[in-house]
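A.B. asks: Residue 622 is where the sequence shown starts when you use the numbering used here, and the numbers rise one by one after that. Positions of the beta carbon are idealized from the N, C-alpha and C atoms, including for glycine. All values reported here derive from a predicted model rather than from experimental measurement. Would you mind keeping the following structure in view while I ask a few things?
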Amino acid sequence: MRQPTIEWVNVTPDLSIIACESGEVWLGNPRAARTEFSPFAAPMTGAGAVGSTVRLLDGAINLGFAAIENCLARPEPTIAGYVVALVGAYHTSVDTPRNLRRAAGRFAALGRPEVAAYLEERAREETGHDRLALKDLRALGVDGERLVAHYMPEGIKPLCRRFDALCLEDYPIGCIGYSYCLERIAALKQETDIERVRALCADGTDATRFLRSHSSLGSEVAHVEETIAFVASLPANDRIRIVQETYASALLLADGYNHELLKSEATILEEIARALGETPPCRSFSPVGEPPGARPAA
Ligand SMILES: [Fe+2]
Ligand SMILES: [Fe+2]
């Protein structure tokens, strides 16, 4: 009988994730493993399996968010907070197809057509998602084009820079870890999260196109499943690099979300007004029946 696959990755010099195809996950200490002559002291070299690869990837995200677990902001949802989330959604998706194609071109040149084809496909799937965020902003009565042209939320900047840099690397496999992290988090959003935003909006306003498509109800679930299967099929060195980048991206994402969610309503409104060059339209920011001060989770 075949033994279940075990995979492991050091995400920091002191922390490794060890995952078994049958479901168990352990955290280890790479330094201790070396002195104890553990089988996990050296980097893994074997083939991957979906069951263990997904646990490494999700373990990396959990560890990244655990770093700020105790100081995680949980503000009440508001339209202004949702507008900022949509601006962030725009900026994290507008360059995605171009960046993924650049990375695909690099893998084609490196003689890795399977990685190039995967990234090309992802670029196709992600095309137009920035437009969904702009449409949602328009539905809220906000000039989305003007807002995104003059405003990138501080917490989003490091993420965008990271993805740009990853896709420009000589061996840009890390961009898969970054994308997985963002898509996996998005796929956790449930119908209740969408309903919560709908409840904030004026009757008849549909401003949840981006959210729906990047939730458990949209294409994100399929993207996540495809990525897990693809990563599991890659050589060990690639899987190691992807899991490490998933962890690094989770740290950036957790930190960036928190930065934005900790802002007061007054600060958010001021930032939006400065970018628009005018006070945001009252219709959008004072929905009927909702007390001012409520904000959606990003
Ligand atoms: Fe997307
Ligand atoms: Fe996606």
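Quick one: Cα of R655 to Cα of T848, how far?
C.D. replies: Taking the sequence shown and counting its residues from 1, the one referred to as residue 655 is at position 34. Taking the sequence shown and counting its residues from 1, the one referred to as residue 848 is at position 227. Cα to Cα, the separation comes out at about 32 Å.
A.B. asks: Going by the beta-carbon positions, is the gap between V864 and G798 smaller than 8 Å?
C.D. replies: For this step, residue 864 is matched to residue 243 along the sequence shown. For this step, residue 798 is matched to residue 177 along the sequence shown. Yes, Cβ-Cβ distance for V864 and G798 is below 8 Å.
A.B. asks: So, for V630: in the same chain, excluding its five sequence neighbours on each side, which residues have a beta-carbon less than 6 Å away from its beta-carbon?
C.D. replies: The residue you call residue 630 lines up with position 9 of the sequence shown. Closer than 6 Å at Cβ, skipping near neighbours: I638, L677, I861, V864.
A.B. asks: Distance check for L636 and S800, CA to CA, integer angstroms please.
C.D. replies: Numbered from its first residue, the sequence shown carries residue 800 at position 179. Numbered from its first residue, the sequence shown carries residue 636 at position 15. Straight-line Cα distance between these residues: approximately 22 Å.
A.B. asks: Under the three-state reduction of DSSP, which class applies to I689: helix, strand or coil?
C.D. replies: Walking along the sequence shown from the start, residue 689 turns up at place 68. Reduced to three states, the DSSP call for I689 is coil.
A.B. asks: Among A640, N720, L882, A730, which has the Cα closest to the Cα of A670?
C.D. replies: Locating residue 670 in the sequence shown gives position 49, counting from the first residue. Of the listed residues, the one whose Cα sits closest to A670 is A640.
A.B. asks: Alpha carbon to alpha carbon, how far is D791 from R727?
C.D. replies: Numbered from 1 along the sequence shown, position 170 holds the residue referred to as residue 791. Numbered from 1 along the sequence shown, position 106 holds the residue referred to as residue 727. Their Cα atoms are separated by approximately 7 Å.
A.B. asks: From this set, V646, A738, G702, which residue's C-alpha is nearest I893's C-alpha?
C.D. replies: Residue 893 sits at position 272 when you count from the first residue of the sequence shown. It is G702.
A.B. asks: If S673 sits next to T626, beta carbons under 8 Å apart, how far is it from one beta carbon to the other, in whole angstroms?
C.D. replies: Here residue 673 corresponds to residue number 52 of the sequence shown, with the count starting at 1. Here residue 626 corresponds to residue number 5 of the sequence shown, with the count starting at 1. Contact flag correct, Cβ pair sits at about 5 Å.
A.B. asks: Can you give, in chain order, each stretch of the beta strand (DSSP E) that sits fully within the region 743–777 and has at least 3 residues?
C.D. replies: If we require 3 residues or more, the region 743–777 turns out to have no beta strand (DSSP E) run fully inside it.
A.B. asks: Quick one: Cα of A724 to Cα of C788, how far?
C.D. replies: Here residue 724 corresponds to residue number 103 of the sequence shown, with the count starting at 1. Here residue 788 corresponds to residue number 167 of the sequence shown, with the count starting at 1. Distance between the alpha carbons of A724 and C788 is about 5 Å.
A.B. asks: Quick one: grab the DSSP three-state call for L648.
C.D. replies: Locating residue 648 in the sequence shown gives position 27, where the first residue counts as 1. L648: strand per DSSP, three-state reduction.
A.B. asks: Is S840 near ligand 2 - that is, is its Cβ less than 7 Å away from at least one heavy atom of it?
C.D. replies: If you number the sequence shown from 1, residue 840 lands on position 219. Indeed, a heavy atom of ligand 2 lies less than 7 Å from the Cβ.
A.B. asks: In chain order, what residues have a CB nearer than 6 Å to some heavy atom of ligand 1?
C.D. replies: Chain-ordered list of matching residues: S714, E747, H750, H835.
A.B. asks: Any heavy atom of ligand 2 inside 7 Å of the beta-carbon of H712?
C.D. replies: Here the question's residue 712 lines up with position 91 in the sequence shown. For ligand 2, not one heavy atom lies less than 7 Å from the Cβ of H712.
A.B. asks: Could you check if C802 is buried or exposed, using at least 16 other CB atoms within 10 Å of its CB as the buried criterion?
C.D. replies: Numbered from its first residue, the sequence shown carries residue 802 at position 181. With 16 or more Cβ atoms within 10 Å of its Cβ, C802 is classed as buried.
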